[in-house]
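Working notes, beginning with the structure itself.
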Amino acid sequence: MEVKIGVQHAQRELVLDTDSTPEDVEKLLGEALADNGVLHLKDTKGRAVVVPASKIAYVELGSPSASTVGFR
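So in full-length UniProt numbering, the last one in the sequence shown is 72, and the numbering has no gaps at all.
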């Protein structure tokens, strides 16, 4: 699933692919915002993305990515 995170005062958004479900990401985001902590996500390559909850402008959750081959 693709996750886009807008960060305050940043020109570009963070984009990552993760194996987490939308429900998992929403739960982690809710916990980070409630505690004024950090949102911690891992992408499909094992890299970690950590964003302070106070700096998150928006989070866009995409649909599960399906690879396409050839013409559509």
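Glycine included, each C-beta is placed from N, C-alpha and C at the ideal position.
Bear in mind that the values here come from a model prediction, so they are computed numbers and not experimental data.
Residue 27: member of the alpha helix (DSSP H) spanning 22-35, first to last residue. Going by beta carbons, residue 49 and residue 25 fall outside the 9 Å limit. Where residue 6 is concerned, the enclosing beta strand (DSSP E) starts and stops at 2-7. Apart from sequence neighbours up to five positions away, the residues of its chain that approach residue 32 with a beta-carbon distance below 7 Å are 38, 39, 53, ordered along the chain.
Around the C-beta of residue 3, 16 or more other C-beta atoms lie within 10 Å, and the residue is accordingly described as buried. For residue 17, same chain residues with a beta-carbon under 8 Å away, outside a window of 5 residues either side, are 1, 2, 3, 43, 44, 65 in chain order.
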